[in-house]
Each structure stands twice: as structure tokens, then as C-alpha cells.
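What follows is one structure encoded as C-alpha cells, with my remarks underneath.
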Amino acid sequence: MGQSSSSQLSTDQPVTQQASGYGSGGSAGSGIGLPIIGIMAVAVVLGGAWMVLAPSLAQNASSSTIAQNVSSGANGIFMRPAQAAEIMGSAQPLLRYTATDLSNKSFVVNTSTMESLVPQLQGNMTDGWVTLSNSSDPNTDASLYYIIMAADNAPRLAPLVGAATISPWFMYAMRRVNADSSLVDGLNYTYGEYTNSTSWAQAVYGWKGRNLVIALVYENPGYLVNESQFVDGIANATP
Numbered sequence: 000m001g002q003s004s005s006s007q008l009s010t011d012q013p014v015t016q017q018a019s020g021y022g023s024g025g026s027a028g029s030g031i032g033l034p035i036i037g038i039m040a041v042a043v044v045l046g047g048a049w050m051v052l053a054p055s056l057a058q059n060a061s062s063s064t065i066a067q068n069v070s071s072g073a074n075g076i077f078m079r080p081a082q083a084a085e086i087m088g089s090a091q092p093l094l095r096y097t098a099t100d101l102s103n104k105s106f107v108v109n110t111s112t113m114e115s116l117v118p119q120l121q122g123n124m125t126d127g128w129v130t131l132s133n134s135s136d137p138n139t140d141a142s143l144y145y146i147i148m149a150a151d152n153a154p155r156l157a158p159l160v161g162a163a164t165i166s167p168w169f170m171y172a173m174r175r176v177n178a179d180s181s182l183v184d185g186l187n188y189t190y191g192e193y194t195n196s197t198s199w200a201q202a203v204y205g206w207k208g209r210n211l212v213i214a215l216v217y218e219n220p221g222y223l224v225n226e227s228q229f230v231d232g233i234a235n236a237t238p
């Protein structure tokens with residue numbers, strides 16, 4: 000996907016279930032607990048490691064694994080495996096699927112990182128969840144993040160969340176080649192296509208009710224689904 004394995008955070012190990020409801024697995028790799036500035040510095044030093052926080056789970060994975068962690072304080076909102084596979088343009092079962100609460104500090108995307116990126120989330124975000132999937136299609140190298148946060152003032156926060164996460168963080172060293180905004184099935188969204196010399200990505204952020212949504216699919220080669228298919232899938236997954 001355009002970088003060596005040494006420049007990726009490890010996600011080869013799925014998050015595992017514990018009695019506390021949180022995982023202790025290695026999905027966050029060596030980046031666990033790093034301040035956001037430190038993570039960005041690592042990305043810069045690596046010289047264009049645009050997927051430092053979104054490595055493909057296909058590498059070194061040999062079997063299908065489903066792991067799930069749900070906090071006891073709220074009902075989790077996750078994208079179903081079949082929905083993720085459809086968004087990645089594959090009818091095959093996923094290679095790997097992980098669903099976890101954003102309060103899970105062992106995961107690469109968690110409440111602390113989101114609030115560090117968007118300080119306005121502090122005191123406004125009440126719950127959050129993330130689903131990370133990887134396609135099993137051998138002809139693609141696709142991974143999908145689906146992040147949802149229940150928050151007060153969602154319409155006001157959505158542009159801040161998009162600006163903080165899409166461009167400088169998840170899409171590091173990629174250029175946007177297309178953008179669009181509209182309303183589908185109650186989802187007020189902004190869509191974008193991104194690329195560099197070797198990789199492609201699509202992103203959606205916005206809000207539906209009081210739910211803030213970020214969805215990113217990293218693909219190689221090319222865009223596996225079009226804007227309408229991607230947005231419809233995100234809107235359908237978001238209550």
C-alpha cells in the first residue's frame with residue numbers, strides 16, 4: 000500500500016474479549032497512548048507514511064477473525080460485516096472484523112485520540128464506537144474504518160471532526176481529487192476521494208441525528224465502489 004511494513008502500526012492481532020468488556024490485544028501497536036502531536040511527528044519522520052493509522056489488515060493474516068468489545072454502559076453501534084463487505088465491493092466474507100468501544104484505550108482510534116484531535120468533543124461526546132474491517136478479496140487491499148460518536152451539537156461538531164481527521168491525520172500525504180456534500184437518508188455528509196502515487200481512499204464525514212460519523216475506506220487498486228454506493232452504505236449503517 001505504498002509503504003514498508005516497518006512504517007505501519009501493527010493491527011495483525013485482533014482485539015480480544017475480556018471480562019471488563021475492553022480488549023488488551025495489539026490492534027493499536029506501538030502507538031498506544033502517544034499524544035497526537037507525537038503520532039503526527041512519527042508520520043512525518045517516516046516520510047509519507049499516509050496509512051500510519053490505517054494499515055491493511057490483510058498483511059500476515061491467515062484466517063478470518065471476529066472480535067468484539069462493547070462497554071456495559073451503552074448499546075454499541077457497529078457496522079455489520081455484510082455491510083462492510085458491500086462497501087468494499089466484495090461479496091466474500093471479511094478477512095478480519097473488529098468492533099470496539101471508543102473507550103478502549105488499546106485500540107488505535109479511541110476517545111483520547113478523538114478528543115485530542117477535536118477538543119470541542121470534550122464534554123459533548125457521550126458515547127463512541129469504531130468498526131474496522133478488511134476485505135478478503137485477494138485482488139484488493141481494502142480496509143474500512145467506521146467511527147460513530149453520540150454527541151451534543153452534532154451539526155456544529157461535524158465540520159470540525161472532518162477537518163481534524165480526514166485531511167491531516169487519516170489522509171496524510173494524500174491529495175483530494177474529488178469532493179461533494181449532500182443529504183442521504185438523514186445523513187448530512189461530506190464525501191471526498193483521495194490518492195497518491197500508489198493508493199486510493201474515500202472518506203465520508205457528517206451527522207445523522209446526534210450521531211457524528213466518520214467512514215474511511217482504503218483501497219488498492221482504484222476505487223472499489225462509487226460515491227453513491229459508499230454514502231448509501233454509511234447512511235444505512237447509521238441509526
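The sequence shown maps to residues 0 to 238 in numbering that gives the first Met the number 0.
Virtual Cβ for every residue (Gly too), placed ideally from N, Cα, C.
- Counting along the chain, no beta strand (DSSP E) covers Ser-111; the unbroken alpha helix (DSSP H) around it starts and ends at 110-116.
- Contact annotation, Ile-86 with Val-224: C-beta distance approximately 6 Å; criterion of less than 8 Å satisfied.
- Within the same chain, Ala-83, Leu-93, Tyr-96, Leu-143 come within 6 Å of Ser-132 by CB-CB distance, once the 5 residues on both sides are set aside.
- The DSSP assignment places complete beta strand (DSSP E) segments of no fewer than 3 residues inside the region 184-224 at 186-194, 199-207, 210-218, in order along the chain.
- Secondary structure of Ala-98 (DSSP, three-state): strand.
- Leu-215 is a Cβ neighbour of Ala-200, given a cutoff of 8 Å.
- For Ala-150, the enclosing beta strand (DSSP E) stretches over residues 142-150.
- Cβ-Cβ separation between Ala-234 and Asp-184: approximately 4 Å, consistent with a contact (criterion under 8 Å).
- The residues Ser-89, Gln-91, in chain order, have a CB closer than 7 Å to that of Asp-136 in the same chain once the five nearest residues on each side in sequence are set aside.
- Around the CB of Ala-81, fewer than 16 other CB atoms lie within 10 Å, so the residue is classed as exposed.
- Rounded to whole angstroms, the separation of the alpha carbons of Val-212 and Val-203 is 8 Å.
- By the beta-carbon neighbour count (other beta carbons within 10 angstroms, threshold 16), Gly-161 is buried.
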